[in-house]
């Protein structure tokens, strides 16, 4: 099946208290977003890349592409009010009967194996989401109460979350719910079972300045 | 109240496929375990340090202390069959009516604030455990089934887990259960409510070679 990837960079970086949105911050001198896109075109040279970007960042992105001589072809569409709405905008550019991966722009450290395994599993089974085990103890917190839970039952979910495009597009026709923190949840609410595949631990989401410093090191390992 | 810390280094490093146990691996040229001990004596110069170490590593530790001119006084006791048994051995050296922190040797990046806040909360409330929020989506996995869960209800638990010594020693008189992945769980099984305080995100447990590489960078930040 033909492959598409939607790179979701709808946000504008307020969580890092920085003027530079996180997807434009530099790792090894190159914007995070360029690392991220390159992971997918390296894994699948024929993949179609759709970039969902906050509208007010379009000019800055164009300038960065020129400056870094970044020539990987990609379609651009506008970010929405929430991540859900950004993904929905991206899905409008995806045809039926392809496999589409939906990936956080702020995850530049996804490995070649994670990308290939997740797309392959989704092609075969309709959907696939990479995940990794938790190595720390966990507690369930509700109000002022909290209790130990068995960490072996919990997986940390990563991206790219991959789907048959027909399926995920239908799921996104449902009304938005704030519980939708990722795309697998949207498909699950539509009644489908989610297939987990193994992700790579380096595939962290860059949310804080500390993550950026970590990413600068990890990029040399993958 | 007088302060004690039990540094738990019972393991012998098999998870890293390395001949060097993880607590002896180097960060900035110094064994992880020396970083860890120094965090506590820097926070509380009068603290009593108890090191629980696998018996077969005693000679190597003595050699390392000499080589690195490491002179922080500490009592040494043997590791047990599991983490639970190692902690129990350490607790035998702790008197009643003190506050005792129980800390993973492989967490050299605990901050001064985390140590001070956790000991202070435990002194006031009987127990305290540092924790941080999860920034990724989570799924609950049971057999082949899995479902999305609300990550806002889950906290990742760190160490030092701190206690009135009378209380935790009584809790450790209970029989061992494999569910005890940390010391707060032991106290909870004894019927006490656990108090969570804010940890620091850098306070990772070094389990893999990747963690060690990350730690080498983070140690410069805290």
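Residue numbers (our numbering), protein chains in the order written: chain U, 1 to 222; chain E, 1001 to 1222. By construction, the Cβ of each residue, glycine as well, lies at the ideal position given by its N, Cα and C atoms. Remember, it's a predicted structure, so these values are computed and weren't measured experimentally.
With contacts defined by Cβ atoms closer than 8 Å, residue 1168 of chain E and residue 1100 of chain E form a contacting pair. With its beta carbon less than 8 Å from one in chain E, residue 182 of chain U belongs to the interface. Contact check for residue 1111 of chain E against residue 1202 of chain E passes: the beta carbons are separated by less than 8 Å. Within chain U, 147, 148 have C-beta atoms less than 8 Å from the C-beta of residue 1188 of chain E, given in sequence order.
Here the C-alpha atom of residue 21 of chain U lies approximately 26 Å from the C-alpha atom of residue 47 of chain U.
Contact annotation for residue 205 of chain U against chain E: 1135, 1136 [CB-CB distance below 8 Å, chain order]. For residue 110 of chain U, not one C-beta of chain E is nearer than 8 Å to its own C-beta. One alpha carbon belongs to residue 1065 of chain E, the other to residue 1182 of chain E, and they sit about 28 Å apart. Residue range 1083-1091 is occupied by the alpha helix (DSSP H) that includes residue 1084 of chain E, with no beta strand (DSSP E) assigned at that position. Non-local C-beta neighbours of residue 1115 of chain E in its own chain, meaning closer than 6 Å and more than five positions away in sequence, comprise 1043, ordered along the chain. DSSP, reduced to helix, strand and coil, places residue 58 of chain U within a helical segment of the structure shown.
Contact holds between the segment 155-169 of chain U and the segment 119-129 of chain U, because three or more Cβ pairs, one in each stretch, are under 8 Å apart. Residue 103 of chain U is bridged by DSSP to U:7. Around the beta carbon of residue 211 of chain U, 16 or more other beta carbons lie within 10 angstroms, which makes this residue buried.
In the three-state reduction of the DSSP assignment, residue 1070 of chain E falls in the coil class. About 5 Å separates the Cβ atoms of residue 1117 of chain E and residue 1197 of chain E, confirming a contact at the 8 Å cut-off. For residue 122 of chain U, the enclosing alpha helix (DSSP H) has its first and last residue at 112-125.
Residue burial is scored here from C-beta neighbours: residue 1092 of chain E has fewer than 16 other C-beta atoms within 10 angstroms and is therefore classed as exposed. When the five nearest sequence neighbours on each side are left out, the beta carbons in the same chain lying within less than 7 Å of the beta carbon of residue 121 of chain U are those of 128, 195, 197, in order along the chain. Taking 8 Å as the threshold, the shortest C-beta distance from residue 1084 of chain E to chain U does not fall below it. Contacts with chain U at 8 Å (Cβ-Cβ) do not include residue 1039 of chain E. Interface annotation, residue 1026 of chain E: not in contact with chain U, CB-CB separation never under 8 Å. With respect to residue 1077 of chain E, residue 1050 of chain E sits close: the two C-beta atoms are nearer than 8 Å. Counting the other Cβ atoms within 10 Å of the Cβ of residue 63 of chain U gives fewer than 16, which makes it exposed. Beta bridge pairing from DSSP links residue 1198 of chain E with E:1131. Per DSSP, the beta bridge partners of residue 1031 of chain E are E:1026.
Relative to residue 83 of chain U, the option among U:105, U:75, U:67 whose CA is nearest is U:105.
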